[in-house]
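K.L.:
Sharing a structure below in structure tokens format, with a few things to ask.
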Ligand SMILES: N[C@@H](CCCCC(O)O)C(=O)O
Ligand SMILES: [Mn+2]
Ligand SMILES: [Mn+2]
Ligand SMILES: [Mn+2]
């Protein structure tokens with residue numbers, strides 16, 4: 035079994051410097067050897083070099099910032115991830131900001147059209163061009179993937195390949211008004227931190243999978259935004275929100291998804307090694323590697 039690491043040094047979906055350095059920090063923390071230790075054959079052909087587009091050539095479209103850059107990068111990521119998946123490999127995408135998931139999930143769906151998505155995040159990332167306030171496209175990937183909102187021609191390549199009953203959220207606690215309306219109107223299943231408190235993470239994961247993968251027969255794309263974790267656990271990330279998943283809750287999700295035997299693709303996103311102090315950065319990078327190991331078969335016993 036081969037895992038293909040797709041290093042995506044990309045920050046165009048949001049304004050903070052440093053998140054493009056996430057991949058190199060995760061790899062330099064020893065992720066390749068850690069996965070080999072688990073018995074994986076690891077493919078890593080170096081971090082992807084994304085061609086810049088100057089700001090002059092990429093003015094906002096409506097409120098959307100860096101739209102042409104984000105679109106071009108995500109389209110190339112879709113090809114890379116899709117290629118690995120079609121090769122029967124498991125793509126592990128290291129971000130980089132979460133706009134990249136437009137590419138990774140497009141790629142997965144090309145190889146596995148029936149795949150479902152488990153989205154772990156403090157945020158829903160489902161704003162449309164109309165509902166976004168920030169214009170940061172890392173808050174929008176899901177709306178493009180399910181094909182809602184006014185069409186933005188630069189993103190015409192994103193096929194609405196994800197059905198709304200094939201995505202489920204865990205960890206939500208900072209949702210914009212427009213996003214709440216979109217989740218409701220589209221009957222998208224979401225387990226917030228309230229549900230995690232109420233039912234416990236074990237029951238929440240079971241209910242989440244019962245919703246998107248009732249017969250446990252669909253490939254799973256796990257997209258993990260480290261800001262789903264409590265900031266005390268993953269401090270070095272761009273949009274931290276208090277009251278998040280504990281270290282163990284985050285790892286339980288990854289272990290439980292691995293246990294299904296259905297994991298087809300994994301994203302570890304929004305590690306920004308330039309925001310916290312030294313110890314906080316090391317902690318965040320270590321948790322990113324640890325989540326990846328748990329999702330790829332590392333167990334406690
Ligand atoms: N909903 C906010 C925050 C988005 C945070 C994105 C992260 O989860 O990838 C926005 O639209 O700007
Ligand atoms: Mn590659
Ligand atoms: Mn996110
Ligand atoms: Mn987030």
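Numbering (this note's numbering), first residue to last: 35 to 335. We put the beta carbon where it would ideally sit given N, CA and C, even for glycine.
Looking only at its chain, what residues have a beta carbon closer than 6 Å to the beta carbon of residue 70, apart from the 5 residues adjacent to it on each side?
P.N.:
Stepping through the chain shown from its first residue, residue 70 is reached at position 36. Here the set comprises 76.
K.L.:
The alpha helix (DSSP H) spanning residue 281 covers which residue range?
P.N.:
The count along the chain shown starts at 1 and reaches residue 281 at position 247. Annotation: the continuous alpha helix (DSSP H) that includes residue 281 extends over 281-294.
K.L.:
Check whether the Cβ of residue 166 lies closer than 7 Å to any heavy atom of ligand 1, and answer yes or no.
P.N.:
The residue you call residue 166 lines up with position 132 of the chain shown. Checking every heavy atom of ligand 1 against the Cβ of residue 166, one is found closer than 7 Å.
K.L.:
Hey, how far is the Cα of residue 100 from the Cα of residue 335?
P.N.:
Looking up residue 100 in the chain shown gives position 66. Looking up residue 335 in the chain shown gives position 301. Going from the Cα of residue 100 to the Cα of residue 335 covers about 46 Å.
K.L.:
Using a threshold of 7 Å, is the CB atom of residue 316 nearer than that to any non-hydrogen atom of ligand 4?
P.N.:
Here residue 316 is taken as the residue at index 282 of the chain shown, counted from 1. Answer for residue 316: no, Cβ out of range of ligand 4.
K.L.:
With which residues is residue 297 paired in a DSSP beta bridge?
P.N.:
Reading the chain shown from its first residue, position 263 is the one you call residue 297. BP columns for residue 297 point to 254.
K.L.:
Could you check what DSSP says for residue 206 in three-state terms: helix, strand or coil?
P.N.:
One-based indexing of the chain shown puts residue 206 at position 172. It is a strand residue.
K.L.:
Leaving out five residues before and five after residue 62 in sequence, what residues of the same chain have Cβ atoms less than 8 Å from its Cβ?
P.N.:
One-based indexing of the chain shown puts residue 62 at position 28. Closer than 8 Å at the Cβ level, and outside the excluded window around residue 62, lies no residue.
K.L.:
Quick one: does the C-beta of residue 173 sit closer than 7 Å to a heavy atom of ligand 1?
P.N.:
Walking along the chain shown from the start, residue 173 turns up at place 139. Indeed, a heavy atom of ligand 1 lies less than 7 Å from the Cβ.
K.L.:
Report the three-state DSSP secondary structure of residue 140 (helix, strand or coil).
P.N.:
The residue labelled residue 140 in the question sits at position 106 within the chain shown. If DSSP states are grouped into helix, strand and coil, residue 140 belongs with the helices.
K.L.:
Go ahead and label residue 283 buried or exposed: buried means 16 or more other beta carbons lie within 10 angstroms of its beta carbon, across all protein chains shown.
P.N.:
Along the chain shown, read from residue 1 onward, the residue named residue 283 stands at position 249. By the neighbour-count rule (16 or more Cβ atoms within 10 Å), residue 283 is buried.
K.L.:
Give me the residue from 35, 50, 54, 36 with the minimum Cα distance to residue 43.
P.N.:
Translated into positions along the chain shown, residue 43 becomes position 9. With distances taken between Cα atoms, residue 43 lies closest to 54.
K.L.:
Whole angstroms are fine: how far does the CA of residue 308 sit from the CA of residue 94?
P.N.:
Locating residue 94 in the chain shown gives position 60, where the first residue counts as 1. Locating residue 308 in the chain shown gives position 274, where the first residue counts as 1. Spanning the two alpha carbons is a distance of roughly 26 Å.
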